[in-house]
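Count the sequence shown with the numbering used here and you get residues 1 to 214, in order. Every residue, glycine too, gets a C-beta built ideally from N, C-alpha and C. Take a look at the structure below.
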Amino acid sequence: MNISVKLLAEYEQADTQRRKEIIERLLKPKSYLKWHDVFRTAVRKFYYEWGQDSSLASDYFDEQLKKANNENQRQRVRTSQEAFVLFLEQKPCLPDGAVLLPLNEVKGKMYYANLSISVAPDVVFEFFHRGKMVRGGYLFCSSKTHPMEEEAIKSASYLMWKHLNTTGEAVPKFCCTFDVRAKSQKEAPLNFKRLEARITYAASEIGLWVSSST
Numbered sequence: 001m002n003i004s005v006k007l008l009a010e011y012e013q014a015d016t017q018r019r020k021e022i023i024e025r026l027l028k029p030k031s032y033l034k035w036h037d038v039f040r041t042a043v044r045k046f047y048y049e050w051g052q053d054s055s056l057a058s059d060y061f062d063e064q065l066k067k068a069n070n071e072n073q074r075q076r077v078r079t080s081q082e083a084f085v086l087f088l089e090q091k092p093c094l095p096d097g098a099v100l101l102p103l104n105e106v107k108g109k110m111y112y113a114n115l116s117i118s119v120a121p122d123v124v125f126e127f128f129h130r131g132k133m134v135r136g137g138y139l140f141c142s143s144k145t146h147p148m149e150e151e152a153i154k155s156a157s158y159l160m161w162k163h164l165n166t167t168g169e170a171v172p173k174f175c176c177t178f179d180v181r182a183k184s185q186k187e188a189p190l191n192f193k194r195l196e197a198r199i200t201y202a203a204s205e206i207g208l209w210v211s212s213s214t
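See the structure below:
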């Protein structure tokens, strides 16, 4: 079973009903998740392809509307465009001198209690900090129906930091998750012993639910 960093972080903080919804989502056929996340793709293009020029976004969203096959997909594009406007209002800057790293070189997986966690930051960068080259990353969320709680945002940042730290020296302060609708952001915590235990427990619980349902 594979789960995203965001969904695991959300599960770890969720109430019983939301946890049940997350498990049901994980058990659905993959076609349920086939339509890609238009918002996060736009954010990645903003940093990696558009040179942080937001004027290029309108053409991208128009193109996605043309590609949509039904009203549900068209509505997802419109919702993503709304989220992108909110992102521009909060637009986090990169550290001075930061160099973007190709996402395909830093995305990957980590494992908790036999659960596979997909780690896919939206922006990853390197820069000199206190005399040495370090890494950081940003992850953006925009759910209209399930905004992330602050502790869940912190958990997602921690998981991103932990993964990036395996490929280079990552700094918790510069590993940050943003919920653009909640206008909230949290960096990875420096003290994470209890958080690590909670995440491990949540991953074990997900694994048990999924294995008992298949």
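Its Cα nearest to that of K132, the residue A170 stands out among Y158, K91, A170.
Per DSSP, reduced to three states, the secondary structure at E169 is coil, with no helix or strand assignment.
Less than 9 Å separates the beta-carbon of S142 from that of F87.
Around the CB of G136, 16 or more other CB atoms lie within 10 Å, so the residue is classed as buried. Under the 8 Å Cβ criterion, the segment 65 to 83 does not count as touching the segment 102 to 121, having fewer than three qualifying pairs. Straight through space, the alpha carbons of K162 and K109 are spaced by roughly 11 Å. Between E12 and I153, the C-beta spacing is not below 9 Å. For a cut-off of 8 Å, the C-beta gap from S204 to S118 is around 18 Å, too long to register as a contact. Counting only the Cα atoms, V210 lies some 32 Å from R44. At a Cβ-Cβ threshold of 9 Å, P92 and Y158 do not count as neighbours. With a threshold of 16 other beta carbon atoms within 10 Å, R181 meets it and is buried. Distance from the CA atom of K107 to the CA atom of A120, rounded to whole angstroms, is 5 Å.
Distance check between A98 and each of K183, F174, R194, Y201 places F174 closest, using alpha-carbon atoms only.
Your pair C176 and K186 checks out as a contact, with CB atoms roughly 7 Å apart and the cut at 8 Å.
Where G137 is concerned, the enclosing beta strand (DSSP E) starts and stops at 132 to 141. A straight-line Cα-Cα distance of about 15 Å links F39 and Q52.
Here L7 is buried: its Cβ has 16 or more other Cβ atoms, across all protein chains shown, within 10 Å. Per DSSP, the beta-bridge partners of D179 are C141, S184. Look at N2 here: in three-state DSSP terms it is strand. Counting other Cβ atoms within 10 Å of its Cβ, V85 stays below 16 and is therefore classed as exposed.
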